[in-house]
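Undergrad:
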Amino acid sequence: MRGRLDPAQLDDRIEQLGAPLDRRRPVLAALSVAITLLLVGGLFAAVRDGADVLDADEASVSVAGEVLVRRAGDGEVRRLADGSTVSSGDEIEVVDGTVVLSLADGTTLEGRAATNTPPTELRFGSAPSLQRGELLVAAPAGYVVEAAGTMIALDDDEPSVARLRATLQVEVAAYQGLLHVDSAGRTRDVPTLRQLTVSSLGRPASTPEPLGYESDDPWDRRYLGAAIDLGQRLASFERAVTAVVPPATAAAPETYRRLLPSLNAQPDFGPRLLGSARPAGEVLVGAAIAARSQAGSFAARWEDTFAFRDARAEWGLVALDQGADFDAVVGDIEAAIAIATAPLVELALPPPPVPLPQPPGPVDEPAPTPADNGVSDDSPAATAPPPPPEVPVAPTT
750 MRGRLDPAQL DDRIEQLGAP LDRRRPVLAA LSVAITLLLV GGLFAAVRDG
800 ADVLDADEAS VSVAGEVLVR RAGDGEVRRL ADGSTVSSGD EIEVVDGTVV
850 LSLADGTTLE GRAATNTPPT ELRFGSAPSL QRGELLVAAP AGYVVEAAGT
900 MIALDDDEPS VARLRATLQV EVAAYQGLLH VDSAGRTRDV PTLRQLTVSS
950 LGRPASTPEP LGYESDDPWD RRYLGAAIDL GQRLASFERA VTAVVPPATA
1000 AAPETYRRLL PSLNAQPDFG PRLLGSARPA GEVLVGAAIA ARSQAGSFAA
1050 RWEDTFAFRD ARAEWGLVAL DQGADFDAVV GDIEAAIAIA TAPLVELALP
1100 PPPVPLPQPP GPVDEPAPTP ADNGVSDDSP AATAPPPPPE VPVAPTT
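Residue numbers (the working numbering): 750 to 1146.
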């Protein structure tokens, strides 16, 4: 007859098989944590080692389309594969689509095949050289690129984004940050939202101009999309306001104080700022941007706003340059248009003051009028009666 297992023997058997489950749980947890740390550490090490593979004159490549490369020291042209690397001296041509070169310091170089410019041709190196086409350069701090003989240095103190275009001339545009241009010893600075043209003779323009953009360009949309859309709306608002504000009041401060109540809090606003005659819509849009900017005094903001606009900057760029709140500017102008188009609202200046009554003085007596002889003014004038007829006298005897 089989007997029951003694509890003491059961404990001994468990000890032989291993520790009790409750006592094994802490060990398993610690082992799990250790394995996780090893895996994570290995992953970070792999990422670090992968980053360390890129030298200062190398870049990893992301290709979308067809891109060709001629390796340094090798005359053969090959297709550049996505995920490969390029080194100093390699020459790249974008036949179709785009290519992005990513450097170890976070700088990126992007080329493309565009319809209105030649495809990007770039010689990569410590200072890449754009032979022709377009190049988008984004650097966290400090980077130097050459474009058809012109040196472009992105500022060291802040992140910068530059759009370079090399055709018969060189165009340098700053989406963000400050750019320093050196062409044959002639230096110029290109601030944010400005561009500079260097002629085929290597002569840079004397001053930058407002950045030009295409509303459907992918690079322009990436960095200026909100400003482009705002500019289209503000241009429409400008035309609408000009159409409803009487021309006679377009230069009157009172007109804009009624349309933009925020101007009542700006003591600098007045005839001096209005200056030369402008269309009412242009004044109103510029005033709304200046009122919503926070850079300096209102008078300084006003001058900067219209100086940039007078240089042919689109309204969206003007608002972006001033750091104005886009939604607030739109709301202010929409409210102004509602005021201007409301029924029974008179935008003209207040009526001139009523002249004060003059103190009473001596009253002149009216001149006497001739007596009424029963002849009306309309009756013909009276004539003298004819003389009596002459009677012949008989001769005396």
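Just so you know, even glycine gets a beta-carbon here, dropped at the ideal spot from N, CA and C. No experiment lies behind these values; they were computed from the predicted model shown.
W1064 to D1074, Cα distance in whole Å?
TA: Whole-angstrom Cα-Cα distance: 13 Å.
Undergrad: Just verifying my parser: in three-state terms, what is the DSSP assignment at A830?
TA: A830: coil per DSSP, three-state reduction.
Undergrad: What would DSSP say about D845, mapped onto helix, strand or coil?
TA: Reduced to three states, the DSSP call for D845 is strand.
Undergrad: Could you tell me which whole beta strand (DSSP E) segments of length 3 or greater appear in the segment 877-936?
TA: Segments of the beta strand (DSSP E) lying fully in the segment 877-936: 878-888, 892-896, 899-903, 909-915, 919-925, 928-932.
Undergrad: If I measure Cβ to Cβ from F873 and keep anything under 6 Å in the same chain, skipping five residues before and after, which residues do I get?
TA: Excluding residues within five positions, the ones whose Cβ falls inside 6 Å are V835, D839.
Undergrad: Decide if the segment 938-947 is in contact with the segment 962-971; the criterion is three or more beta carbon pairs, one per stretch, under 8 Å apart.
TA: No, the segment 938-947 does not touch the segment 962-971.
Undergrad: CB-CB under 8 Å to T869, same chain, minus the five flanking residues each way: which ones, in chain order?
TA: If we look at T869 and ignore the five residues flanking it on each side, its Cβ neighbours are I841, E842, V843, V848, G860, R861, A862, L879, R881, G882, E883, L884.
Undergrad: Is DSSP giving P1010 helix, strand or coil here?
TA: Note: P1010 maps to helix in three-state DSSP.
Undergrad: Among the residues of its own chain, which have a CB less than 6 Å from the CB of W1051, if the five just before and after it don't count?
TA: L1022, A1039.
Undergrad: Would you report the Cα separation of T1086 and S851, rounded to the nearest angstrom?
TA: Going by the sequence as given, residue 1086 is Ile instead of Thr. Rounded to the nearest angstrom, the two C-alpha atoms are 49 Å apart.
Undergrad: Taking the Cβ atom as the reference point for each residue, do A1062 and P959 lie within a distance shorter than 8 Å?
TA: The answer is yes: Cβ separation under 8 Å.
Undergrad: Return the residue from the list P877, D1053, A954, A915 that minimises the CA-CA distance to A902.
TA: When each option's Cα is compared against that of A902, the closest is P877.
Undergrad: Excluding the five sequence neighbours on either side, which residues of its own chain have a C-beta within less than 7 Å of the C-beta of N1013, listed in chain order?
TA: Excluding positions up to five away in sequence, the list reads R1006.
Undergrad: I'd like to check one pair, T899 with S932: are the Cβ atoms closer than 8 Å?
TA: Cβ distance < 8 Å, so S932 and T899 count as in contact.
Undergrad: Identify the continuous beta strand (DSSP E) that holds V994 and give its terminal residues.
TA: It is not in any beta strand (DSSP E) - V994 carries neither H nor E in the DSSP assignment.
Undergrad: So Q1043 and G1072 are in contact, right, with Cβ under 8 Å, and what is the actual spacing, rounded?
TA: Their Cβ separation, rounded to whole angstroms, is 6 Å, which keeps Q1043 and G1072 in contact under 8 Å.
Undergrad: Please report the distance separating the alpha-carbon of L1009 from that of P967.
TA: One C-alpha to the other measures close to 36 Å.
Undergrad: What does the alpha-carbon distance come out to for the pair A887 and E1083?
TA: For A887 and E1083, the distance between alpha carbons rounds to 37 Å.
Undergrad: So who's on the other strand from R872, going by DSSP bridges?
TA: Beta-bridge pairing links R872 to E840, S878.
Undergrad: Find out if the Cβ-Cβ distance for the pair R935, R912 is shorter than 8 Å.
TA: In this structure, R912 does not lie closer than 8 Å to R935 by Cβ.
Undergrad: Once DSSP output is grouped into helix, strand and coil, what is the label at A1039?
TA: Helix, per DSSP.
Undergrad: Please name the residue, chosen from L983, E825, R828, Q918, that lies closest to G1080 on a Cα-to-Cα basis.
TA: If we check each option's Cα against that of G1080, L983 comes out closest.
Undergrad: Rounded to whole angstroms, what is the Cα-Cα separation between P1028 and P996?
TA: When rounded, the distance between both Cα atoms is 8 Å.
Undergrad: Can you tell me whether DSSP reads R943 as helix, strand or coil?
TA: DSSP places R943 in strand when its eight states are reduced to three.
Undergrad: Quick one, are the C-beta atoms of A915 and A897 less than 8 Å apart?
TA: Closer than 8 Å, so yes.
Undergrad: What do you get for V802, buried or exposed, if any count of 16 or more other CB atoms within 10 angstroms of its CB means buried?
TA: V802 comes out exposed.
Undergrad: Under 8 Å between the Cβ atoms of E963 and V1034?
TA: Their beta carbons are not under 8 Å apart, which means E963 does not touch V1034 by this criterion.
Undergrad: Rounded to whole angstroms, what's the CA-CA distance from L1069 to L979? Just pull it up for me.
TA: Those two C-alpha atoms are separated by around 10 Å.
Undergrad: Around the Cβ of Q1015, are there at least 16 other Cβ atoms within 10 angstroms (buried) or fewer (exposed)?
TA: Answer is buried; the Cβ neighbour count reaches 16.
Undergrad: Assuming L927 contacts S909 under a Cβ cut-off of 8 Å, what Cβ separation, rounded to an integer in Å, is found between them?
TA: Confirmed, about 7 Å.
Undergrad: So, are the CB atoms of G855 and G814 less than 8 Å apart?
TA: Going by C-beta atoms, G855 is not nearer than 8 Å to G814.
Undergrad: Assuming T946 contacts Q918 (C-beta within less than 8 Å), just tell me the rounded distance between them.
TA: Rounded, the Cβ-Cβ distance is 6 Å, consistent with contact.
Undergrad: Taking the continuous beta strand (DSSP E) assigned at A808, which residues delimit it?
TA: First-last of the beta strand (DSSP E) with A808: 807-819.
Undergrad: Let me know if R1058 comes out buried or exposed under the rule of 16 or more other beta-carbons within 10 Å of its beta-carbon.
TA: Answer is buried; the Cβ neighbour count reaches 16.
Undergrad: Does the Cβ of A795 have 16 or more other Cβ atoms within 10 Å, making it buried, or fewer, making it exposed?
TA: Below a pLDDT of 50, predicted positions are generally treated as unreliable, and A795, at 40, falls in that range; no measurement from the model is reported.
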